[in-house]
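Asks:
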Amino acid sequence: MTKTTHFGSNRLFGLSKAVLVYSDAQEAFATVHEAKPSPDGGPPYLDAGQPLTVDFLKQLANALGRTTPCEILPRNILVYTPDMLVWWCRRQHRVMFYGGSSDGRTLSGKVFPQPPLVFKVCGSELSVRALTEERRPRPDTTLMVAPYWNCDRRGGQVCQGSMRVPGGLCLAARQAWENAFFQSEFTHAALGAQLTTHPEGFLGLWRDLTGSGGEFPVEFLINSGESLRSFVHAREA
Amino acid sequence: MSTVPAMFSNSDESAPTLHLRPKPVLDQDAGRACPPWLIARGRSFEMPRLDQVPIHHCSFGSDAAAARFACVLIELGIANPSDWKRSAAEPARFLQHTLDRFIREHGEKEIDGAFELSVTLSTDPHEWCETDDEPDGSQMFLSVEAHSCGFVNLGPALALCEKAHPRLPATFARLLLNGIGSCFRVYDDRDAEEHFSFLEESDDPTEDAEAPSALPDRDSILPPCMKARSLGLRRLRSLLSGMAPKDPAARLLKAAIELQRVSHEVHLPPIPEAVRELFCDCNPPVPVLLAIYQVGDAIEASFDDERQSMLEMTPEPWPLIPFNGTDPASTLQAFRCLGGALDTLAAARCVLDLVPGWEPINREEERP
Numbered sequence: 010m011t012k013t014t015h016f017g018s019n020r021l022f023g024l025s026k027a028v029l030v031y032s033d034a035q036e037a038f039a040t041v042h043e044a045k046p047s048p049d050g051g052p053p054y055l056d057a058g059q060p061l062t063v064d065f066l067k068q069l070a071n072a073l074g075r076t077t078p079c080e081i082l083p084r085n086i087l088v089y090t091p092d093m094l095v096w097w098c099r100r101q102h103r104v105m106f107y108g109g110s111s112d113g114r115t116l117s118g119k120v121f122p123q124p125p126l127v128f129k130v131c132g133s134e135l136s137v138r139a140l141t142e143e144r145r146p147r148p149d150t151t152l153m154v155a156p157y158w159n160c161d162r163r164g165g166q167v168c169q170g171s172m173r174v175p176g177g178l179c180l181a182a183r184q185a186w187e188n189a190f191f192q193s194e195f196t197h198a199a200l201g202a203q204l205t206t207h208p209e210g211f212l213g214l215w216r217d218l219t220g221s222g223g224e225f226p227v228e229f230l231i232n233s234g235e236s237l238r239s240f241v242h243a244r245e246a
Numbered sequence: 123m124s125t126v127p128a129m130f131s132n133s134d135e136s137a138p139t140l141h142l143r144p145k146p147v148l149d150q151d152a153g154r155a156c157p158p159w160l161i162a163r164g165r166s167f168e169m170p171r172l173d174q175v176p177i178h179h180c181s182f183g184s185d186a187a188a189a190r191f192a193c194v195l196i197e198l199g200i201a202n203p204s205d206w207k208r209s210a211a212e213p214a215r216f217l218q219h220t221l222d223r224f225i226r227e228h229g230e231k232e233i234d235g236a237f238e239l240s241v242t243l244s245t246d247p248h249e250w251c252e253t254d255d256e257p258d259g260s261q262m263f264l265s266v267e268a269h270s271c272g273f274v275n276l277g278p279a280l281a282l283c284e285k286a287h288p289r290l291p292a293t294f295a296r297l298l299l300n301g302i303g304s305c306f307r308v309y310d311d312r313d314a315e316e317h318f319s320f321l322e323e324s325d326d327p328t329e330d331a332e333a334p335s336a337l338p339d340r341d342s343i344l345p346p347c348m349k350a351r352s353l354g355l356r357r358l359r360s361l362l363s364g365m366a367p368k369d370p371a372a373r374l375l376k377a378a379i380e381l382q383r384v385s386h387e388v389h390l391p392p393i394p395e396a397v398r399e400l401f402c403d404c405n406p407p408v409p410v411l412l413a414i415y416q417v418g419d420a421i422e423a424s425f426d427d428e429r430q431s432m433l434e435m436t437p438e439p440w441p442l443i444p445f446n447g448t449d450p451a452s453t454l455q456a457f458r459c460l461g462g463a464l465d466t467l468a469a470a471r472c473v474l475d476l477v478p479g480w481e482p483i484n485r486e487e488e489r490p
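Going down the list, the protein sequences come from chains A and B.
Just so you know, the first sequence maps onto residues 10 to 246 in the working numbering.
Just so you know, the second sequence maps onto residues 123 to 490 in the working numbering.
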């Protein structure tokens, strides 16, 4: 039986293997050795080596969290790599929270219709864009600025503040990321950034939508000037 | 100077391990490129020594909260203070020793012979839900996951029971399957029934005219002896009192009654909605046991069909026991639940041992 304890960032790693790399001027090879406890209670020693294999490297990459499990992708997944998860979600109604000292405090805790959204998680960073149509975006689909505070208009990156960030980057964590986004407080707009074309601005938009059972009016979204392709590739810039 | 175990550089199996004495470090070695304590020098068979290489690395961002939780466990008698010394005063290691000890005391050896499990004590409901915040221990989880599915063919046991009374096969099977199923996922005739119903409902005759005939006959899922109604406990006890104590059927049923008793003592706490939501995209838990009534029967076929997608998405852990590690009452209840769930599996193992033809997992064979 495998027994694991995990308390926050507390970890206890034991030496299990060593990789020895041998090289001359041109070539190199490596062997993997298990660290064995010494029979006389002294320091451990390295057991006989085995040639380093691709399988071992895969296991090592797995242990270091640099792997993607073989999973069937749900329909709303757009990109899934060891470093990045991008998905889209349909229109929905969600409660939104605003900081108690912000201009949006009177809207806090109320239900609002949301536009279709595209989420991108890269490491522990979250970016959000909006869609005008409720269908799976194509690489050349134009993305809209997500009409939310705490979101950078340029790349859609979310200023996470005190958001409880999910630790994992697996398919099952999508809901946790969406919840983390909507369940944290929106506190401020990016400096000078226009988030909507609504005539009364950002607060006017959401004030009009308070408790609305209808759909989000996508005509008030602003073109981000970015396609899905460039949104995904932005991390490499 | 102590001896250093070493090996031949081209060792073969018949060569014994050599214990060489390292050469003393001389002044003229100081200018060499490699540190003398890491790479042994010499022309032949000296090997890297590890006497100054750290063999453990710890990170301890939540030590204070972990230590407070360790105190709660000691006060409750779940943890043993003697483990503190063994753990070199490291809370993380102490918690690991405590979990190891707790599981050992709840039938680990017996459980390992029948099931492939992992048990986790964590501040997160699952490894992929880890947050960057350092926890205070007020939200903790004990969880169990099956690595793979155990297996039993109950056919021979049913035959034994049927000889004693026509209603005993169903009585025995339901006691066993419901007993384990109260805490863990078991794959049995009810799952097969559900799976075939789903396939029938989702079948589009215009797409594949032969598909319905490919599905097994729903009536064949249960053998005839399982179609009788189970006996009530009082009636069962009265029947058992008339059977010889060493009668194999009587022993099976007594063990199954004990399993039911143990499993009834486990009351899993509800899972908070927010935590439940985290698992909404997960696959159901991997079953701890597949129970069939005959080799190659419809249940086995259904399982074969379903197992192909069981790991498509991360499986949900089950049971998942949430608790507040800063509250002794909540902590005690959670560990009682885990203990009860493990006792249930240990009691199930006692039943499986009596099922003719069932063989425990041989861990010795698995080791290289």
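From the three backbone atoms N, C-alpha and C, an ideal C-beta is built for every residue, glycine too.
(1) Under 9 Å between beta-carbons, which chain A residues line up against B:S184? List them in chain order, please.
(2) What three-state label does DSSP hand B:M365 in the structure shown?
(3) Tell me, which residues are paired with B:Q430 by DSSP?
(4) For A:E134, which residues does DSSP report across the bridge?
(5) Since A:G234 is in the beta strand (DSSP E), which residue starts that stretch and which ends it?
(6) Is A:M93 close to chain B? Criterion is C-beta to C-beta, closer than 8 Å.
(7) Are three or more beta carbon pairs between the region 188-206 of chain B and the region 13-21 of chain A nearer than 8 Å?
(8) Between A:A257 and chain B, is the shortest Cβ-Cβ distance under 8 Å, so that the two count as touching?
(9) What's the gap between the Cα of A:A189 and the Cα of A:W97?
(10) By the 10 Å Cβ neighbour count, where 16 or more other Cβ atoms means buried, how is A:V104 classified, buried or exposed?
(11) Report the three-state DSSP secondary structure of A:Q192 (helix, strand or coil).
(12) Can you name, in chain order, every residue of its own chain whose Cβ lies under 6 Å from the Cβ of B:C283, other than the five neighbours on each side?
(13) Opposite B:L358 in the DSSP bridges: which residues?
(14) How many angstroms separate the CA atom of A:D217 from the CA atom of B:S270?
(15) Can you give the beta carbon distance from B:L172 to A:L55, rounded, assuming they're within the 8 Å contact cut?
(16) What ranges does the alpha helix (DSSP H) occupy inside the region 10-93 of chain A, keeping only unbroken runs of at least 4 residues that lie completely in it?
(17) Which residues does DSSP pair with A:M153 in a beta bridge?
(18) Which chain A residues are close to B:P257, counting only those with a beta carbon under 8 Å from its beta carbon?
(19) With a threshold of 8 Å between beta carbons, is A:N188 in contact with chain B?
(20) Give the DSSP bridge partners of A:R103, in chain order.
(21) Taking only three categories from DSSP, how would you classify A:Q166?
(22) Is the CB of B:Q430 under 8 Å away from at least one CB in chain A?
(23) Helix, strand or coil: how does DSSP classify B:L297 here?
(24) Give me the Cα-Cα distance between A:Y173 and A:W186, rounded to the nearest whole angstrom.
(25) Since A:T13 meets chain B, which of its residues come closer than 7 Å, beta carbon to beta carbon?
(26) Counting along the chain, where does the alpha helix (DSSP H) carrying B:F263 start and finish?
(27) Less than 8 Å between C-beta atoms, sequence neighbours within five positions excluded: which residues of the same chain meet that for B:I200?
(28) Do we get a CB-CB distance below 8 Å when we pair A:C179 with the residues of chain B?
(29) Starting from B:E380, trace the alpha helix (DSSP H) in both directions and tell me its first and last residue.
(30) So A:A37 contacts chain B; which residues on that side make the cut at Cβ distance below 8 Å?
(31) Provide the residue span of the alpha helix (DSSP H) that contains B:F445, from first to last.
(32) Between the Cα of A:P122 and those of A:E224, A:G132 and A:G164, spot the shortest distance and give me the residue it belongs to.
(33) Using a beta-carbon distance below 8 Å, is A:I81 in contact with chain B?
(34) Under a three-way DSSP split, which group does B:I414 fall into?
(35) Is there a C-beta anywhere in chain A that falls below 8 Å from the one on B:H178?
(36) What do you reckon, are the CB atoms on B:L464 and B:H228 nearer than 8 Å?
Replies: According to the structure shown:
(1) F16, G17, S18 and N19
(2) coil
(3) Looking at the DSSP assignment, B:Q430 forms no beta bridge with any residue, so it has no partner.
(4) A:C131
(5) N232 to S236
(6) no
(7) yes
(8) Since the first and last residues shown for chain A are 10 and 246, residue 257 of chain A lies out of range.
(9) 16 Å
(10) exposed
(11) helix
(12) L290, P291, F294 and A371
(13) Bridge partners of B:L358: none, in fact.
(14) 53 Å
(15) 7 Å
(16) 63-72
(17) A:A139 and A:N232
(18) F16 and G17
(19) yes
(20) A:F121
(21) strand
(22) no
(23) helix
(24) The residue asked about is misnamed: residue 173 of chain A is Arg in this sequence, not Tyr. Distance between the alpha carbons of A:R173 and A:W186 is about 9 Å.
(25) S240 and T242
(26) It is not in any alpha helix (DSSP H) - B:F263 instead sits in the beta strand (DSSP E) that spans M262 to S270.
(27) T220, F224, T453, L454 and F457
(28) yes
(29) P370 to H386
(30) Result: empty, since nearest Cβ-Cβ is about 16 Å, beyond 8 Å.
(31) Where B:F445 is concerned, there is no enclosing alpha helix (DSSP H), although the beta strand (DSSP E) it sits in stretches over L442 to F445.
(32) A:E224
(33) yes
(34) strand
(35) yes
(36) yes
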